[in-house]
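Colleague: Per this note's numbering, the very first residue in the sequence shown carries number 4; after that it's consecutive.
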Amino acid sequence: MNNVRVRFAPSPTGYLHIGGLRTALYNYLFAKKNNGKFILRIEDTDQTRFVEGAIENLINSLNWAGITYDEGVFIENGQIVEKGDFGPYIQSKRLDIYKKYVDELIEKGHAYYCFCTKERLDKVREEQKISGQIPRYDGFCRNIPLEEAKKRIENGEEYVVRLKLPHNRDIEFYDMVRGNITINTSDMDDQVLLKSDGYPTYHLAVVVDDHLMGITHIVRGEEWLPSTPKHVYLYEAYGWEKPTYVHLPTVLNKDRKKLSKRQGDVSVEDFRNKGYLPEALVNYLALVGWSPEDNEELMNLEEMIEKFSFERVSKTGGIFDIDKLNWINGHYIRNSSTERLRELAIPYLINENLIDEKFAHENTQWLDCLVETLKESISTISEIPQKSKFIFSEEIEIEEELFNEFLNNENAKIIMNAIIEEITNMDKFDLEEAKTFMKKIQLKTGIKGKNLFMPTRVALTGSEHGPELVNILYLLGKDKIIKRARKVIEKLS
Ligand code: GLU
Numbered sequence: 004m005n006n007v008r009v010r011f012a013p014s015p016t017g018y019l020h021i022g023g024l025r026t027a028l029y030n031y032l033f034a035k036k037n038n039g040k041f042i043l044r045i046e047d048t049d050q051t052r053f054v055e056g057a058i059e060n061l062i063n064s065l066n067w068a069g070i071t072y073d074e075g076v077f078i079e080n081g082q083i084v085e086k087g088d089f090g091p092y093i094q095s096k097r098l099d100i101y102k103k104y105v106d107e108l109i110e111k112g113h114a115y116y117c118f119c120t121k122e123r124l125d126k127v128r129e130e131q132k133i134s135g136q137i138p139r140y141d142g143f144c145r146n147i148p149l150e151e152a153k154k155r156i157e158n159g160e161e162y163v164v165r166l167k168l169p170h171n172r173d174i175e176f177y178d179m180v181r182g183n184i185t186i187n188t189s190d191m192d193d194q195v196l197l198k199s200d201g202y203p204t205y206h207l208a209v210v211v212d213d214h215l216m217g218i219t220h221i222v223r224g225e226e227w228l229p230s231t232p233k234h235v236y237l238y239e240a241y242g243w244e245k246p247t248y249v250h251l252p253t254v255l256n257k258d259r260k261k262l263s264k265r266q267g268d269v270s271v272e273d274f275r276n277k278g279y280l281p282e283a284l285v286n287y288l289a290l291v292g293w294s295p296e297d298n299e300e301l302m303n304l305e306e307m308i309e310k311f312s313f314e315r316v317s318k319t320g321g322i323f324d325i326d327k328l329n330w331i332n333g334h335y336i337r338n339s340s341t342e343r344l345r346e347l348a349i350p351y352l353i354n355e356n357l358i359d360e361k362f363a364h365e366n367t368q369w370l371d372c373l374v375e376t377l378k379e380s381i382s383t384i385s386e387i388p389q390k391s392k393f394i395f396s397e398e399i400e401i402e403e404e405l406f407n408e409f410l411n412n413e414n415a416k417i418i419m420n421a422i423i424e425e426i427t428n429m430d431k432f433d434l435e436e437a438k439t440f441m442k443k444i445q446l447k448t449g450i451k452g453k454n455l456f457m458p459t460r461v462a463l464t465g466s467e468h469g470p471e472l473v474n475i476l477y478l479l480g481k482d483k484i485i486k487r488a489r490k491v492i493e494k495l496s
């Protein structure tokens, strides 16, 4: 495909929803696949919804996820900057452009000034509801002569500009996911294009910008599908070539409802804080509403680019399945380097007061062993503190039943005594020493296999399952091993 240009155009309302990240991802994959350009535009024409820091948050979330773009809004040295030949890329900086295009539409007779007050509009809507009609603008100002309207504006009357839809006309467009779509203008409203505060509505701004920025494919959530006929009509009214539309199925929860903030984590930041790896979240999101032909589930960005096509995007909503995300995240965790896992784990351990900065700095080998030991059993990095509590705790609880099964016997006592005796005489107890330690206890006691390992494991961890005993020995260290063995002996005597 030639000269593909796509855009992700979020509104800065506070955070990046994971559905938004998926939209950005599909745009990115499509652009890369076609050697096209991907643009980040900020749609901030609804000033009532503006949230401080939201643009930075959006960009940081995209950066974290590894979704890069070629033009638009970036952060450099902590500052918001714009790059590209089609700017400004922040809509609130383009007000004069919209004004010009609104004027053009009015002159051409495709839009009109409307002076209706909120009270009047409310009243009309109320009456329409009572008589069972779909509420919409009743066209009261549609036929005010332009000269008269201009005079009223000069006299200081407040106004908006509305789209003047022709009556009973079919609007047609093609959507790559949904095929051909036709809507009659009798089912549409004379949409406000320019608000009384001088800002355009989304509908006008999106069309003007997509056209001026040379956007070829509009890839966005299906919640915008009902607005698309208005946009298509605007392209026709201006005499511009229409882009191709791609409306993506909504990301749904297991009850097939829209994933919303009220039910828990929905922002990219939430997932980041929970300890999901960016490549895992991105890999998983790619599969919410799309699958490659070979049905492969684990893919890096390169592989996704290779396999991506809109033909395989489903029409029905994509279900967000946290279990599957956890499974994928676990996979990426297990395939991460020890160093990366250590660096990711440190803030969580510090946050839970299990270690401090100094400890983190001085105990690299120990922390490496910790993350290597735990990585098999976690699906997010944030689980590390909880899973390592049995190592950090001074005391552990051993359930009565477990104690009776594994420790309430003479053998256990012999093992515990041997452990204490052996380890007390060692001046160093690193990973090397831990590796040969149990062999020494075996020689010393003559007890081996399960009969040796199970009592030791239960005594040291309070559990019959868990990671490699060698790692546990090393991670606990001399003092804790002695302490835990002693506690068992005390209980037995
Ligand atoms: N500003 C819209 C949003 O935040 C973008 C819609 C579009 O991509 O056209 O969802």
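Note that CB positions come from ideal geometry on N, CA and C, so glycine has one too.
Among residues of its own chain, excluding the 5 on either side of residue 337, which ones have a beta-carbon nearer than 6 Å to its beta-carbon?
Modeller: Hits under 6 Å: 378.
Colleague: Just tell me which of 194, 173, 178, 199 has its CA closest to the CA of residue 160.
Modeller: Among 194, 173, 178, 199, the Cα nearest to that of residue 160 is on 199.
Colleague: Where do the N-terminal and C-terminal ends of the beta strand (DSSP E) with residue 360 fall, by residue?
Modeller: From DSSP, residue 360 is part of no beta strand (DSSP E) but of the alpha helix (DSSP H) over 360-365.
Colleague: Suppose only complete runs of 3+ residues qualify. What are the beta strand (DSSP E) ranges in the region 432-472, listed by chain order?
Modeller: If we require 3 residues or more, the region 432-472 turns out to have no beta strand (DSSP E) run fully inside it.
Colleague: Starting from residue 19 and walking both ways along the alpha helix (DSSP H), at which residues does that stretch end?
Modeller: No alpha helix (DSSP H) contains residue 19, which DSSP labels as neither H nor E.
Colleague: Put residue 281 into one of helix, strand or coil per three-state DSSP.
Modeller: Residue state, collapsed to three classes: helix.
Colleague: Does any CB atom of chain B fall closer than 8 Å to the CB of residue 119?
Modeller: This model lacks chain B altogether; it includes just one protein chain.
Colleague: Locate the beta strand (DSSP E) running through residue 114, then write down its first and last residues.
Modeller: First-last of the beta strand (DSSP E) with residue 114: 114-117.
Colleague: Could you work out which residue in 326, 52, 194 is closest to residue 116 when comparing CA atoms only?
Modeller: It is 194.
Colleague: Would you check if the distance between the CB atom of residue 481 and the CB atom of residue 432 is smaller than 8 Å?
Modeller: Result yes, Cβ atoms of residue 481 and residue 432 sit closer than 8 Å.
Colleague: Would you decide whether residue 386 is buried or exposed? Buried here means 16 or more other CB atoms lie within 10 Å of its CB.
Modeller: The residue is buried, with at least 16 neighbouring Cβ atoms inside 10 Å.
Colleague: What's the gap between the Cα of residue 68 and the Cα of residue 39?
Modeller: Taking the straight line joining both Cα atoms gives about 20 Å.
Colleague: State buried or exposed for residue 302, treating a residue as buried only when at least 16 other CB atoms are found within 10 Å of its CB.
Modeller: When all chains shown are included, residue 302 counts as buried.
Colleague: Any contact between the region 35-50 and the region 92-107? By contact I mean 3 or more CB pairs, one from each, below 8 Å.
Modeller: With the cut-off at 8 Å, the region 35-50 and the region 92-107 touch.
Colleague: What residue range is occupied by the uninterrupted alpha helix (DSSP H) comprising residue 341?
Modeller: 341-354 is the span of the alpha helix (DSSP H), which, as asked, contains residue 341.
Colleague: Determine which residues share a DSSP beta bridge with residue 182 and list them.
Modeller: According to DSSP, residue 182 bridges with 178.
Colleague: Quick one, are the C-beta atoms of residue 323 and residue 255 less than 8 Å apart?
Modeller: Contact flag set, yes.
Colleague: If you count every other CB in all the chains shown that lies within 10 Å of the CB of residue 269, and 16 or more means buried, which is it?
Modeller: Label assigned to residue 269: buried.
Colleague: With a threshold of 7 Å, establish whether the CB of residue 243 neighbours any heavy atom of the ligand GLU.
Modeller: For the ligand GLU, not one heavy atom lies less than 7 Å from the Cβ of residue 243.
Colleague: Report the option in 73, 77, 17 whose CA atom is closest to the CA atom of residue 62.
Modeller: Closest option to residue 62, Cα to Cα, is 77.
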